[in-house]
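Working notes, structure below.
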Amino acid sequence: MGDTYQYPVFFECQSLLGEQKKRIEKYFRIRRRSGGGDCGPLRRVNDKVYSITFKWQRDQQRVLQRPEHVVEFPGGRLAFTVRDSLETHTSSPTTTSTPNQDSAAPAQSSLSIPASTPPPSDEAHELQPDRSPRPYLQEEKEELKKERTVSNMSTHMLDFLKKAYGGPGVLGDFLGFDNEVEIELRDTELRLFSFSAGKLDDAEKALQGEFMEVKTDVPNCLSSELWKKLKSKTNEMNQGQWRAQVLFGSDSTVNLLGHTKEVEELNETVTQFNLQRTVHLPVPEVAQDLVNLSEGNTVVASYSLCDGLQVLVCQGDITKQEADALVNAANEDLDHCGGVAAALSKAGGSEVQRESNDLVKYTGKIHTGDVVVTTGGNLKCKKLLHAVGPVAGKAGGKEKLLLEKAVNSALNLSEIMEFKSIALPCISSGVFGVPVTVCSEAIVTAVKEFGSQGGRSLSRIILIDNRGEVVRAMQEACDRLLQGISPRDSMPSGIPTGDLGSLMDAAAKDTAKEVMTGAPEGRVHVEVVQGTIETQQVDALVSPMVGHDPLSTRVANTLYKMVGSQLTARFRKKAGEETLPGDAVLVENLPGLPSNAVLFLNLIPWDDDEDGTAVQVLRVGINNILTSCENKGFGSVALPVLGAGIALRFPDIEVARVLLEEVQKFEQSRASKTPFLVRITIHPTDTEASEVFKAFTKNIHSPDQVSTSKRIVLLGKTGSGKSNLANTIFGEAELFATYNSPNSGTTECQTETRTVKGRSITLIDTPGFFDSERSEEDIKPEIMSCITECAPGPHAFLIVLKVDRFTEHEQAVITKILQYFSEDALKYAVIVFTHGDQLPKGKTIQDFVSQNKNLSDLVKKCGSRCHVFDNKHWKNKQQNNYRSNQFQVEELLNTVDKMVMENSGGYYTNGMLQTVEEEIKKEEEQIKQSSGNMQQEEIRQHAKRNVSNRFLIQLAGTATGALLGAFFGVEALLRLVIKDVKGPELMKYMKGFLIGRAPAAAAAVGAEAAVVATGAAIGLTTAALATGVMGGIIGHDAAEGAETAMEAAERAANAVRDKRQSVLRLQ
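Counting in the numbering used here, the final residue of the sequence shown is number 1064, and the numbers go up one at a time with none missing.
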């Protein structure tokens, strides 16, 4: 324990048993009995001397001042004196009173032994416990004459005492009453039983003196910073023994409970935090529900996000704006001397600058990206939030990131303070010199992220500036970033404030129509929100519990506070005496809750094993919850971060992984087409969980955008066994056509979807993209088909190779793979070997890979993900799992699952794939308008074919190498293809760019200038890239107006031939 305990006392005694040592330790920890307090374990110094060490010197001195100490044991009592050093002082009155080895009955011994116990023998002079049976109070409860219920004991404190001292007789022993008083911990009360009224009084006083509960109001400061401080302190206090607990309430309160000393220490932390951070000024008592723009401010555009959150773009004066929170563009010193800051400070009055100065005085300079709170003074707001934005040239190129952080902080702080409206200027765009486009992009990006999560208290965000060009930039950013969410029509410029009332009424009606408790389009929709679980308006809430105890978690105690004793009573009635781990108990129609039902989930604490029993129980429990909701016909359920609290101790990242995996499995297996909403609710103070879930979900597209099936692309050379592998994975012999010919049997992309081992899998089989024998015009349509089939991106690439000796041809294929695949794409790649029967007996695929350096390098770049298959063993039972394809399919799918989760649960994508997906979505909308009752899957297939053909026409003159490079993310080639597809004007610019540089480029190419004529720029050197661009330009211009890909290709080829001589002359 290091220097934590450094004030020892010593006493003499013969050998002590383990239980006797524990009883002496407890004795010294109870100040009322021994004078002691916080102390370490009892240690044996030598044959006759023991020592115990105290944390505080005052505790040590109180123990030393007592003339005698007496500890009761079941078989007798031990009396002894203590001293402050190991050496015996003859003049000291503190002499030992323990049995003496040389005397059977020492004169000063206070050890009394019952007559039924024989005296100590010469062989062992240890305390002998009384073996005779003694009656226990619980056996005589019906004969007890006196009992008492301890008043003012909250359910939180009862929960704490159960966890710390829940065993039979443990709390009584700790308080020093042994069998004199029985203490019974019930769900809603604590009861004392004793034969003596005096003992009841003593026990109640001891409880009230030893334990304490403090509820503290933290106005406007219930922040993650305070939560982290308290969490750190309680973790330190609870090492080895449960000493204190902190609970955050939804009403800006902190509940501190536990041992009196620790609670007082925690309360001091909260008090100091309040003194440093809280603004001690009154908040306006009455707040309007609707934000009204003052006269002269104009609404330019309005947008509606998740759960009816409105975003308004306005032109006007922020100092005249009315909102719960106004945001100031502040500097790190909070010196409001220019721009928006000066205007707000002046309008707010001297209080604003005075409080700002006080804040900086107590906390120091405010870091860029942080937000602090002061009064708004005379401004029309409850609080003024000072957001410190970046200064141009001083942020190391991180202006946008820091600005997003500042806006996020302001929005989240408003959420914590339960504000309904907030107004923000274009931070950093004035005197700080950050370009307006960068500022508006960052601000709207932060708003979009905030607005993507429902359950918010904020209902309106106002983006306001008095400069027309800034307002236009913010509107353009909103149009670009917010229109795809749930747009409202932009309003024409110049709508006066007086017309806003009717617009707000209409907006409120529209919002009411949009609110729903289920998910869109008959699918399972996952929504991650920050809020409190008890306020979610859904069909069912989930309350985790440790084992069968319904009040063992913070969520449960919060619900108990709202519902009362009916919560536990009806749980007991429904659940009975016992539930098993993973069981979900449904209790409906509880009073005081906005939801219809509560599901109590039996979980077990984290066991440090990501595939262990605790995780398996969590998986079963989540499935039981979702199934119960489905069976009851519920449309929505809200879950907290299950198991991540102090009681169950699951890491946030494990909860996120398991929860999202189980929801996905549930969606894939459910037969119902009715919509269902799963709302994961993260407490506003839990910033760590918020970041974890954000990382897991940032690349997961909503179900209405793309299929939930995992898209897997098979790539490899001719004859590598891609089609056989696809059949093996799906367990169907002829689904993908296979040929015994050495030439590739797959001549075009084939896509099939099946359910394999509970997973929905889409396999995209491809022809030999890396074969040099295939002509460009043959292979290009298949590349484009593959891109459209896997858009917006594949979850995995399976690079298929053959177990065989490596010739120059195989080596060239590996070189091409490494050339075309970017590092990002390789993060989503798995190497799969076929023809595993070629492996010598006893040799693994890893042994085979290690024999070739280039092959070994490729596998390492793919994260060492490597598997082997041998199709002829598919239906045979193999004693050796390694050579069983059934075993390898499961292993491969597990690898893909793990890889997807490591990539934040998303799929590989880039600009090319995203552009294709955008075009497919546009095409789908057009088809829907004219298709009548065509099914969605059929609509998407038509859209993919149309987009593929259109792109082929546009890309007719572009090199196959450039197209492949774009698919696999080589940045330079990616830019080339995107520009070719999306920007004819950029193509004109590239022409001009290359005309001045063509001689140098051609000279660098030298004898390979003929590559320009065919447009097949495959290399990545500057010269080769330039030739590819030139070929693409020629083909692009020539193909304009073509109606088919074949016509475009012919036009491009003829144009390249016509230009060949002029290009060669450029040398």
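Glycine included, every Cβ here is placed at the ideal spot set by N, Cα and C.
Using the rule of at least 16 other Cβ atoms within 10 Å of the residue's Cβ for burial, across every protein chain shown, is residue i buried or exposed?
i: S562; result: exposed
i: M931; result: exposed
i: D44; result: exposed
i: T565; result: buried
i: P588; result: exposed
i: R551; result: buried
i: N149; result: exposed
i: T906; result: buried
i: L577; result: exposed
i: A734; result: exposed
i: K838; result: exposed
With respect to the alpha helix (DSSP H) encompassing residue i, which residues constitute its N-terminal and C-terminal limits?
i: R240; result: Careful: R240 lies outside any alpha helix (DSSP H) and carries neither H nor E.
i: Y24; result: 15 to 26
i: C475; result: 465 to 479
i: F429; result: That residue, F429, is in no alpha helix (DSSP H); it is neither H nor E in DSSP.
i: N628; result: 610 to 629
Taking the C-alpha atoms as reference points, what is the distance between residue i and residue j?
i: D286; j: A320; result: Any answer about D286 is weak, because its pLDDT of 33 lies below 50 and its placement is not dependable; what the coordinates show is given next. Cα to Cα, the separation comes out at about 10 Å.
i: Q236; j: L168; result: 19 Å
i: K714; j: V897; result: 25 Å
i: I917; j: T763; result: 21 Å
i: K941; j: E935; result: 10 Å
i: A1065; j: V6; result: Given a span of -2 to 1064 for the chain in the structure shown, any question on residue 1065 remains unanswerable.
i: S411; j: L455; result: 7 Å
i: F8; j: E207; result: 26 Å
i: E352; j: A326; result: 16 Å
i: P71; j: Q11; result: 17 Å
i: E210; j: I622; result: 34 Å
i: V324; j: P672; result: 39 Å
i: G528; j: I677; result: 10 Å
i: S927; j: A788; result: 24 Å
i: L478; j: T684; result: 25 Å
i: E729; j: V846; result: 29 Å
i: G609; j: C475; result: 46 Å
i: E466; j: S819; result: 40 Å
i: E233; j: Q242; result: 11 Å
i: S720; j: I761; result: 10 Å
Please name the residue in the options whose C-alpha comes closest to that of residue i.
i: A470; options: S437, R947, P5, S449; result: S437
i: G366; options: S342, K395, V357; result: K395
i: I679; options: P637, C626, M154, K925; result: P637
i: V523; options: L657, D546, T624; result: L657
i: V543; options: F568, G640, R756, E887; result: G640
i: G164; options: T152, L182, P387, Q205; result: L182
i: T434; options: N409, K397, E415; result: K397
i: K377; options: N849, G361, E186, G346; result: G346
i: S861; options: Q843, R59, K850; result: Q843
i: Q546; options: M559, V560, D580; result: Residue identity differs from the one stated: residue 546 is Asp in this sequence, not Gln. The option with the nearest alpha carbon to D546 is D580.
i: P64; options: W53, I49, R80; result: R80
i: K824; options: N375, W603, T532, E899; result: E899
i: A187; options: Y162, V147, L158; result: According to the sequence as given, residue 187 is Leu; it is not Ala. The candidate whose alpha carbon is nearest that of L187 is V147.
For residue i, would you say it is in contact with chain B, using Cβ-to-Cβ distances shorter than 8 Å as the test?
i: H153; result: Annotation note: the requested chain B is absent from the structure, which comprises a single protein chain.
Can you give the beta carbon distance from residue i to residue j, rounded, assuming they're within the 8 Å contact cut?
i: V369; j: H383; result: 5 Å
i: V539; j: V689; result: In fact, because the Cβ distance is near 18 Å, the residues do not count as touching under 8 Å.
i: K799; j: I758; result: Actually they do not touch by this definition, with Cβ atoms about 23 Å apart.
i: L1065; j: S299; result: Nothing can be reported for residue 1065: it is not among the residues displayed for the chain, which extend from -2 to 1064.
i: T152; j: L548; result: 6 Å
i: L1082; j: A203; result: Because the chain spans -2 through 1064 in this model, residue 1082 falls outside it and cannot be assessed.
i: I174; j: T682; result: Residue identity check: residue 174 is Phe in the sequence provided, not Ile. 39 Å between Cβ atoms; not a contact.
i: D536; j: A594; result: 7 Å
Which residue marks the beginning of the beta strand (DSSP E) containing residue i, and which one marks its end?
i: A298; result: 295 to 301
i: A537; result: 537 to 543
i: Q527; result: 521 to 527
i: E396; result: E396 -> not in any beta strand (DSSP E); alpha helix (DSSP H) instead, spanning 396 to 413.
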